[in-house]
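Protein chains in written order, with my numbering: chain H, 966 to 1088; chain W, 966 to 1088; chain S, 966 to 1088; chain F, 966 to 1088. Beta carbons: idealized from backbone N, C-alpha and C, even for Gly. Report on one structure; see the data block that follows.
4 protein chains.
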Amino acid sequence: MDVNEKYFSNISSRERAIFEGAISMGALFHQFVGTPFNKKTAPGLEKAIEESLGLQPAIEKVEVHIDLDRLDKAMTEFEYTSLNGDMLDVKIYSKIDNVLAIIRIEFVEELNYPLMYVEDIIE
Amino acid sequence: MDVNEKYFSNISSRERAIFEGAISMGALFHQFVGTPFNKKTAPGLEKAIEESLGLQPAIEKVEVHIDLDRLDKAMTEFEYTSLNGDMLDVKIYSKIDNVLAIIRIEFVEELNYPLMYVEDIIE
Amino acid sequence: MDVNEKYFSNISSRERAIFEGAISMGALFHQFVGTPFNKKTAPGLEKAIEESLGLQPAIEKVEVHIDLDRLDKAMTEFEYTSLNGDMLDVKIYSKIDNVLAIIRIEFVEELNYPLMYVEDIIE
Amino acid sequence: MDVNEKYFSNISSRERAIFEGAISMGALFHQFVGTPFNKKTAPGLEKAIEESLGLQPAIEKVEVHIDLDRLDKAMTEFEYTSLNGDMLDVKIYSKIDNVLAIIRIEFVEELNYPLMYVEDIIE
């Protein structure tokens, strides 16, 4: 079976790059929010998230930065906290044929919301 | 701030419908996989998933069907099991302006994989 | 195979009631934190969580209350937010033989932490 | 506030070691089930899980082994799969005062179930 032919011939390369990157961003948020971590384990967690989502179809690269100021504010008496979506600053690079889409999540103060959007598309 | 103007003017309505539906599909999978359930609680779980993802931006409707044959095969001595991605058959309807995208996940035997794809786009 | 004999003869009924309730509390937190919801869908989500964890071994009943004041503070421009652990007030009742353990999670201001503890044991 | 005095004086050190280890085992399962991974990323994922749960109260050490035979069987056309509970073989060491509890999860064929139990208690 040709998966691309059977399931993806109804959308363009540009649309599919957006599609695959968006899936992985939704996945990243909902898989890892809630994970116990602190400043010491943050780099390892960032790397594990990058490697995990980097396996999904069309994903070229994932860059995860956890906002350490927000971590500080959420810090508990037990010296760790749970990852929440507001701490995430992530770029996912997805590529189909010659189209590279960069999907971003970052916390937007005015919306009080970690917004996912298409930061750039390079064709 | 006009969110649409600031963050989404670089993509078309059709692309954004795909984008928002794909995010919600990735979210759905990774939020709810692992949830304890059985045949008796399946309808309530399907409804809770539908209501939850239906809140996300641009999502018009979510239809969740859990494959009960796959549930049967996964059933344990303790009369429940964990939801896994292979059991999911879901349609997410996302709409931006006049474009409706239908995002689907279903298990594809040949790929041994719960495939997410764009089932249809109505403009 | 007698599961109880093989795997649980090294602990008392009281210890096992604590054990099973604690597993389900850890499970509840990490399964459902991150779920999109708002005031309108909160009751359905509470019920779905109760039914789900109520299936696990030894669990008699689960009572979930989501703190709507904390929901209000977390509310976004998009009219929903993600469930976080600080919003949870939950009691899990686990019973082994004649011992009933009540496991609780509630947010403790002084610790800035959603604390899990054994609220009561009735023998 | 003395947390131990206020919240944990109703249970013994042995009971609390069991309690804390059980919470972390339930947490581990429901946080990480669903994570995309393959043979290449498995060691990094195991380490990230160990570090994460190792932060929780009373946890001394966490040892995670993912069953690579079960990974092979679940492998997809896309060269990765989702972590499921049946692949987990984990020991969590929790210590309160002089009591060390070893909490285990392993897949038990006869039950078709990833069983959590108290493997040993050293006093």
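Any idea what DSSP makes of F:V1073, helix, strand or coil? Against the fourth sequence, residue 1073 of chain F aligns to sequence position 108. Looking at F:V1073 - three-state DSSP - the assignment turns out to be strand.
Determine the direct distance from the alpha carbon of W:P1022 to that of W:I1068, and round the result to whole angstroms. Residue numbering aside, residue 1068 of chain W sits at position 103 when the second sequence is read from its first letter. Residue numbering aside, residue 1022 of chain W sits at position 57 when the second sequence is read from its first letter. Roughly 14 Å between the two C-alpha positions.
With distances taken from CA atoms, which of H:E1084, H:S978 and H:V1055 is nearest H:A992? The residue labelled residue 992 of chain H in the question sits at position 27 within the first sequence. Out of H:E1084, H:S978 and H:V1055, H:V1055 has the C-alpha closest to the C-alpha of H:A992.
Which ranges would you report for the beta strand (DSSP E) in the stretch 968-1056 of chain S if only whole runs of at least 3 residues count? Within the stretch 968-1056 of chain S, the runs of beta strand (DSSP E) at least 3 residues long that lie entirely inside it are, in chain order, 1024-1031.
Got a sec? Which residues, its chain only, sit under 6 Å from H:R981 by beta carbon, not counting five neighbours each side? Your numbering for residue 981 of chain H matches position 16 in the first sequence. Around H:R981: F973 and I1061.
So for H:D1085, helix, strand or coil by DSSP? The residue labelled residue 1085 of chain H in the question sits at position 120 within the first sequence. Looking at H:D1085 - three-state DSSP - the assignment turns out to be strand.
Chain-ordered residues of the stretch 998-1012 of chain H with a beta carbon less than 9 Å from chain F: G999, T1000, P1001, F1002, N1003, K1005, T1006, G1009, L1010 and K1012
With three or more beta-carbon pairs closer than 8 Å as the criterion, would you say the stretch 995-1012 of chain H touches the stretch 1009-1022 of chain F? yes
Pairwise C-alpha distance: W:E1088 and S:E1044: For the purposes of this step, residue 1044 of chain S is taken as residue 79 along the third sequence, with counting starting at 1. For the purposes of this step, residue 1088 of chain W is taken as residue 123 along the second sequence, with counting starting at 1. Taking the straight line joining both Cα atoms gives about 27 Å.
Contact residues within the stretch 974-999 of chain H, judged by C-beta distance below 8 Å to chain S: Within the stretch 974-999 of chain H, the residues whose Cβ lies closer than 8 Å to any Cβ of chain S are, in chain order, F994, H995, V998 and G999.
Are W:L1048 and W:V998 close, meaning C-beta to C-beta below 9 Å? Counting from 1 along the second sequence, the entry for residue 1048 of chain W is found at position 83. Counting from 1 along the second sequence, the entry for residue 998 of chain W is found at position 33. Yes, they are a contact pair.
Check whether chain H comes within 9 Å of W:Y1058, counting only Cβ atoms and requiring the distance to be less than that. Counting from 1 along the second sequence, the entry for residue 1058 of chain W is found at position 93. W:Y1058 does not count as touching chain H.
Looking only at C-alpha atoms, which of W:T1041, W:I1031, W:Y1078 and W:L1080 sits nearest to W:M1052? Translated into the one-based positions of the second sequence, residue 1052 of chain W becomes position 87. Checking every option, the nearest Cα to that of W:M1052 belongs to W:I1031.
Taking the alpha-carbon positions, what's the W:L1080 to F:M1040 distance? If you number the second sequence from 1, residue 1080 of chain W lands on position 115. If you number the fourth sequence from 1, residue 1040 of chain F lands on position 75. W:L1080 and F:M1040: Cα-Cα distance of roughly 14 Å.
Under 9 Å, Cβ to Cβ, is there at least one residue of chain W near F:L1065? Indexing the fourth sequence from 1 puts residue 1065 of chain F at position 100. Judged by the 9 Å Cβ criterion, F:L1065 is not in contact with chain W.
Considering only the beta carbon of each residue, do W:M990 and H:I1086 sit closer than 9 Å? Here residue 990 of chain W corresponds to residue number 25 of the second sequence, with the count starting at 1. Here residue 1086 of chain H corresponds to residue number 121 of the first sequence, with the count starting at 1. At least 9 Å separates the beta-carbon of W:M990 from that of H:I1086.
Is the beta carbon of S:K1026 closer than 9 Å to that of S:Y1058? The sequence position of residue 1058 of chain S within the third sequence is 93, counting from 1. The sequence position of residue 1026 of chain S within the third sequence is 61, counting from 1. Their beta carbons are under 9 Å apart, which means S:Y1058 touches S:K1026 by this criterion.
H:M966 touches chain W at which residues, Cβ-Cβ below 9 Å? Indexing the first sequence from 1 puts residue 966 of chain H at position 1. In chain order: V1073, E1075 and L1076.
How should S:E1074 be labelled, buried or exposed, when 16 other C-beta atoms within 10 angstroms of its C-beta is the threshold for buried? The count along the third sequence starts at 1 and reaches residue 1074 of chain S at position 109. When all chains shown are included, S:E1074 counts as exposed.
Which residues in chain H sit within 8 Å of S:S1047, going by Cβ to Cβ distance? Sequence index remark: in the third sequence, residue 1047 of chain S carries index 82 (1-based). Listed along chain H, the residues sitting closer than 8 Å to S:S1047 by beta-carbon distance are V998, N1049 and G1050.
Since W:V1083 meets chain H, which of its residues come closer than 9 Å, beta carbon to beta carbon? In the second sequence, residue 1083 of chain W corresponds to position 118, counting from 1. The contacting residues are Y972, F973, N975, I976, E980, R981 and F984.
Would you say F:L1033 reaches chain H, if we count a Cβ-Cβ gap shorter than 9 Å as a contact? Translated into the one-based positions of the fourth sequence, residue 1033 of chain F becomes position 68. Chain H, which has no Cβ nearer than 9 Å to the Cβ of F:L1033, makes this no.
Taking 9 Å as the threshold (beta carbon to beta carbon), is W:L1020 in contact with chain H? Along the second sequence, read from residue 1 onward, the residue named residue 1020 of chain W stands at position 55. So no, W:L1020 is outside the interface.
If we define contact as Cβ-Cβ less than 9 Å, is W:I1061 a contact residue for chain H? Position 96 of the second sequence, counted from the start, is the residue given in the question as residue 1061 of chain W. For W:I1061, the answer is no, since every Cβ of chain H falls outside 9 Å of its Cβ.
Taking the Cβ atom as the reference point for each residue, do F:A1013 and F:L1036 lie within a distance shorter than 9 Å? Reading the fourth sequence from its first residue, position 48 is the one you call residue 1013 of chain F. Reading the fourth sequence from its first residue, position 71 is the one you call residue 1036 of chain F. It is not a contact, given that the beta carbons lie outside the stated cut-off.
What number of angstroms, rounded off, separates the C-alpha of S:N969 from the C-alpha of F:H995? Within the third sequence, the letter at position 4 stands for residue 969 of chain S. Within the fourth sequence, the letter at position 30 stands for residue 995 of chain F. Taking the straight line from one Cα to the other gives about 24 Å.
Neighbour list for S:E1042 in chain H, Cβ cutoff strictly below 9 Å: Against the third sequence, residue 1042 of chain S aligns to sequence position 77. Chain H residues near S:E1042: V1073, E1075, L1076, N1077 and Y1078.
Compare the C-beta of W:I1087 against all C-beta atoms of chain H and say whether one is closer than 9 Å. Counting from one through the second sequence, the residue named residue 1087 of chain W turns up at place 122. Not an interface residue.
Closest Cα partner of S:L1065 within the set S:E1071, S:I976, S:V1083 and S:G1050: Here residue 1065 of chain S is taken as the residue at index 100 of the third sequence, counted from 1. Among S:E1071, S:I976, S:V1083 and S:G1050, the Cα nearest to that of S:L1065 is on S:V1083.
Residues of chain F with a CB under 7 Å from the CB of H:E1016: which are they? What you label residue 1016 of chain H is simply residue 51 of the first sequence in a count that begins at 1. What H:E1016 touches in chain F: T1006 and G1009.
Hey, is H:A1023's beta-carbon within less than 9 Å of any beta-carbon in chain S? Along the first sequence, read from residue 1 onward, the residue named residue 1023 of chain H stands at position 58. No, no contact with chain S.
If H:I983 and W:I983 are in contact, beta carbons under 8 Å, what's the gap, nearest whole angstrom? Within the first sequence, numbered from 1, the residue matching residue 983 of chain H stands at position 18. Within the second sequence, numbered from 1, the residue matching residue 983 of chain W stands at position 18. About 6 Å separates the two Cβ atoms, so the contact holds.
Contacting residues, own chain, Cβ-Cβ under 6 Å from H:E1028 (five flanking each side not counted): The count along the first sequence starts at 1 and reaches residue 1028 of chain H at position 63. Sequence-distant Cβ neighbours of H:E1028 in its own chain, meaning closer than 6 Å and more than five residues away, are K1056.
Nearest-angstrom Cα separation, counted from S:D1034 out to W:I976: Your numbering for residue 976 of chain W matches position 11 in the second sequence. Your numbering for residue 1034 of chain S matches position 69 in the third sequence. Cα to Cα, the separation comes out at about 37 Å.
F:E985 versus S:R979 - alpha carbon distance: On the fourth sequence, residue 985 of chain F is found 20 positions in, with the first residue counted as 1. On the third sequence, residue 979 of chain S is found 14 positions in, with the first residue counted as 1. One C-alpha to the other measures close to 15 Å.
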